[in-house]
Amino acid sequence: MLHRQIEQRLHAAVRTVLPDADTESLLVRPCPDTKFGDYQTNALMGLAKARKMNPRQLAADVIAQLDVAEWCEPVEIAGAGFLNFRLKPAAVVQMLAGAQRGEHLFFEKTSRPRTAVVDFSSPNVAKPMHVGHIRSTILGDCLARTLRLLGHRVITDNHIGDWGTQFGKLLVGWKRHLNRAALQANPIDEMERLYKTVNAACDADAAVLETARQELVKLQSGDVENLSIWREMIALSQRQFDEIYGRLGVKFDHTLGESFYNPRLKAVAEDLRARGVARESEGALVAFFDDIPALKDHPAIIQKSDGAANYTTTDIATLEHRLQTWQPDEIIYVTDGRQQLHFHQVFAIFRRGHAALPTRLAHVWFGSILGEDGKPFKTRSGETVKLADLLDEAEERALKVIAEKNPELPPEKQREIARIIGLGAVKYADLLPNRQSDYIFSWDKMLALQGNTAPYLQYAYTRVQSIFRKGGVVGGGAPEFQLTAPEEIHLAKHFLNFGIVLEAVAAEHRPNYLCNYLYDLAGHFARFYEACPVLKSTDAERATRLGLCVLTARVLRQGLDTLGIEVSDQM
RNA sequence: GCGCGAGUAGCUCAAUUGGAUAGAGUGUCGGUCUCCGAAGCCGAAGGUUGUGGGUUCGAUUCCCGCCUCGCGCACCA
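Just so you know, the first sequence maps onto residues 18 to 588 in the numbering used here.
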């Protein structure tokens with residue numbers, strides 16, 4: 018890609034001027050304002066500062082050694098020492114033509130593929146998936162898609178909650194209160210009912226609580242009946258998970274739940290004890306972090322005083338397993354921000370055994386979804402919002418709008434489009450904000466279908482397709498471009514930044530960069546669309562404009578697909 | 001108390017290794033469909049980036065203090 022080629026030439030020039038300089042961090046980025054140029058580097062100012070040099074003089078010296086004439090107009094020094102690069106039209110056209118021929122789509126696969134394990138979603142067995150799972154699921158899926166697109170090896174692993182104390186109560190409920198017909202009709206609702214029933218009974222009667230405890234112990238010690246019930250609960254839950262994932266278009270390579278690691282927990286705990294990472298404290302096995310200021314006052318329990326392991330141990334066992342099985346360069350955990358302390362602890366414990374390991378451990382955390390009142394998002398009656406209901410409502414709301422805007426479409430088609438629009442809106446609303454901030458869930462905003470929303474992007478796509486339909490265009494024409502109108506040029510140059518954005522998403526785990534890029538792309542297209550009639554134009558102008566339409570559609574489609582969002586030819 | 005976040009336009013949010021005049025959407029007001037889909041486009045108004053210092057050519061970004069809010073902090077996950 019052009020910015021990278023410019024960057025390499027810049028590095029070479031700097032090495033000539035300053036042979037000992039570390040050029041790794043000298044980046045060429047898009048200009049914040051096109052009036053300055055197309056790309057800039059501000060790194061020379063930092064370099065000059067570190068060496069107490071005059072920044073403008075350094076810039077001049079570098080330019081003297083810099084040869085980018087095949088792509089750029091003469092390079093300019095601006096302000097305190099910015100270098101501004103303006104692309105030659107021929108260079109832009111060459112990029113467009115290459116894309117038109119299918120040689121690339123403005124990004125390149127990495128030359129150094131990495132292996133990344135992405136751990137996300139992690140719903141609990143016997144409970145409905147709810148709104149609390151949506152961000153992890155959508156964010157994780159998007160990161161996995163982005164990394165794959167860039168050519169990395171990605172392993173997605175759903176670490177489901179299929180083990181734990183809740184099964185004591187569930188087993189009591191299953192044995193005492195199970196309604197087979199209800200289970201048949203809606204297994205999750207029935208299991209949730211069982212849990213709530215027994216949970217209430219436990220609060221009222223200590224004997225029930227004791228029974229639950231005993232059922233749990235039986236399960237843990239391998240009781241055949243309890244194991245069989247437990248397996249059935251998992252299977253029923255998995256069916257529900259699969260249905261939701263099917264709707265969301267999310268796939269996992271593996272589903273290794275907590276129970277998978279049970280056989281390893283004892284050994285993990287013993288190993289930590291033996292290596293002195295953890296020691297006895299108040300009857301439990303605990304890891305202390307006296308050398309880490311942030312964790313000094315926050316020890317982690319490895320093994321409870323009753324001998325049972327907890328989730329810290331499970332996560333360490335999981336980590337070890339992933340390392341041995343896949344040898345990842347990076348493991349990405351996509352969870353709620355409230356687990357920050359937990360992962361700090363897990364990572365710290367892990368580092369004590371693998372100090373030299375280059376594996377990058379990333380806790381990609383996100384904020385809470387709040388209701389319009391600023392409090393945790395709940396239904397009117399105070400229940401957590403079930404994911405299935407939320408997706409249903411998104412589709413219903415989208416269907417209403419479509420029926421109104423486009424009543425002549427057959428009902429079947431309307432429903433299909435409503436599905437694409439509704440799910441797209443939900444996903445986009447989740448991916449657009451900075452993941453670390455809480456965001457307020459608002460149907461009206463996400464389905465407003467105006468402003469920076471998925472429907473706006475999908476709408477831009479349908480307008481392109483509409484041009485192709487009207488014009489009877491197939492394939493998109495010849496790869497020849499003559500850019501003249503400013504709207505054509507802005508659109509064309511925006512394509513070129515697709516790869517930069519994808520790489521930023523992968524590096525920082527922030528899909529909102531891609532959302533904003535696509536929103537800008539749709540905006541550039543809309544202005545082009547207003548100013549530059551396509552089908553009415555002729556000859557080279559028409560070929561150029563059709564080509565820009567083709568590329569807009571391709572980038573939009575690829576970009577949205579990377580967000581996990583589908584497009585439709587009509588809406 | 002300790003730790004992690006957040007505080008930017010009326011509201012919801014951006015801001016790419018510290019970079020150029022802090023940008024969008026929404027809402028408000030105004031313009032724009034005999035023209036490829038107006039779910040669009042154009043324009044106006046709207047800011048002491050919580051607050052006080054510091055670092056420097058340059059700070060929403062880095063450092064320190066303070067204020068407000070959210071979350072977490074040994075046997076739940």
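The beta-carbon is built from N, C-alpha and C at its ideal position, and this holds for glycine as well.
It should be emphasised that the depicted structure is a prediction, and the values quoted were computed from it without experimental measurement.
Item                                                                                                                         : Value
Cys89 Cβ short of 7 Å to the ligand MG heavy atom set                                                                        : As far as ligands go, the structure on display features none, and thus does not contain the ligand MG.
Straight-line Cα distance separating Asn216 from Val225                                                                      : 9 Å
Residues sharing a beta bridge with Gln57, DSSP                                                                              : Arg46, Asn101
Run of the beta strand (DSSP E) containing Trp343, from where it starts to where it stops                                    : Looking at the DSSP string, Trp343 is not in any beta strand (DSSP E); the run it does join, the alpha helix (DSSP H), is 328-343.
Residue from Met588, Val402, Asp586, Ala495 whose Cα sits closest to the Cα of Asp556                                        : Ala495
Where the alpha helix (DSSP H) through Gln117 begins and ends                                                                : 106-117
Identity of the residues DSSP links to Tyr602 by a beta bridge                                                               : Here the chain covers residues 18 to 588 and nothing more, so residue 602 does not appear.
Helix, strand or coil at Ser483 [DSSP, three-state]                                                                          : helix
Stretch-stretch touch, CB-based, cutoff 8 Å, three pairs: the stretch 85-94 with the stretch 33-50                           : no
Where the alpha helix (DSSP H) through Gln82 begins and ends                                                                 : 72-82
N- and C-terminal bounds of the beta strand (DSSP E) containing Ile349                                                       : 347-353
Given 8 Å, three or more beta-carbon pairs between the stretch 134-144 and the stretch 102-111                               : no
Beta-carbon contacts of Thr331 that lie in its chain and below 6 Å, excluding the five residues immediately before and after : Glu275, Tyr278
Residue(s) in a DSSP beta bridge with Tyr456                                                                                 : Ile386
The stretch 466-485 / the stretch 563-583 touching (three or more Cβ pairs under 8 Å)                                        : yes
Other residues of its chain near Ala548: CB distance less than 7 Å, five sequence neighbours each side excluded              : Ala502, Glu504
Beta-carbon proximity of Arg292 to Ala334, cut-off 8 Å                                                                       : no
Span of the beta strand (DSSP E), counted from its first residue to its last, around Arg170                                  : 170-174
Residue range of the unbroken alpha helix (DSSP H) whose run includes Leu448                                                 : 428-448
Residues of its chain near Ala435, where Cβ-Cβ distance is below 7 Å and the 5 sequence neighbours each way are ignored      : Glu412, Ala415, Leu416, Ile419
Thr163 versus Asp270 - alpha carbon distance                                                                                 : 16 Å
Integer-rounded CB distance, given that Lys321 should sit under 8 Å from Ala301                                              : 6 Å
C-alpha distance - Arg230 paired with Leu187, whole-angstrom precision                                                       : 11 Å
8 Å Cβ cutoff met for Asn529 and Pro472                                                                                      : no
Test item: CB-CB of Leu474 and Ala539 under 8 Å                                                                              : yes
For Ile366 and Ala286, believed in contact at Cβ under 8 Å, the rounded distance                                             : That pair is no contact at about 11 Å.
Nearest candidate by alpha-carbon position, reference Leu253, set Gly266, Met146, Glu120, Val109                             : Met146
Val522 burial status per 10 Å Cβ neighbour count (16 or more: buried)                                                        : buried
Residues of its chain near Tyr536, where Cβ-Cβ distance is below 6 Å and the 5 sequence neighbours each way are ignored      : Asn469
Nearest neighbour of Tyr212, chosen from Leu195, Ala29, Arg68, Ala223 [CA to CA]                                             : Leu195
Closest Cα partner of Tyr262 within the set Ala38, Arg248, Leu404, Arg296                                                    : Leu404
Buried or exposed (CB count within 10 angstroms, at least 16 for buried), His371                                             : exposed
Backbone CA spacing between Thr33 and Ile80 [nearest angstrom]                                                               : 11 Å
Coarse secondary structure for Val418, derived from DSSP in three states                                                     : helix
Per DSSP, cross-strand counterpart(s) of Lys395                                                                              : Thr401
Cα-Cα separation between Thr479 and Asp586, rounded to whole angstroms                                                       : 5 Å
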